[in-house]
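Numbering (the UniProt record's numbering), first residue to last: 1 to 76.
Below is one structure, written out as structure tokens; comments come after it.
Quick look at the structure:
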């Protein structure tokens, strides 16, 4: 199973067009893992490695959002 970090790195390393970047969505598995970590964080708390995983996922999300905004701007 790939984690969200590896999934995003593979995507970015594969080369892309601005349109392809804009259309990128994490896999169902990655989204489910993110939702599970958020729910666990709110209820029972996370283990240190889970906190690190969630932090990386959130950072990747921010970077992808910035890249998508730049790609949209470049398409205009």
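Backbone N, C-alpha and C fix where the C-beta goes; we use that ideal spot for every residue, glycine too.
None of these values were measured; they are calculated from a predicted model.
- Sub-8 Å separation of residue 24 and residue 34 beta-carbons: no
- Where residue 43 falls: helix, strand or coil (DSSP): DSSP places residue 43 in helix when its eight states are reduced to three.
- Query: For residue 74, which residues from the same chain have a beta carbon less than 8 Å from its beta carbon, with the 5 sequence-adjacent residues on both sides left out?
  - Reply: So the qualifying residues of the chain are 18.
- Query: For residue 26, which three-state DSSP category applies?
  - Reply: coil
- Query: So, helix, strand or coil for residue 74, using DSSP?
  - Reply: helix
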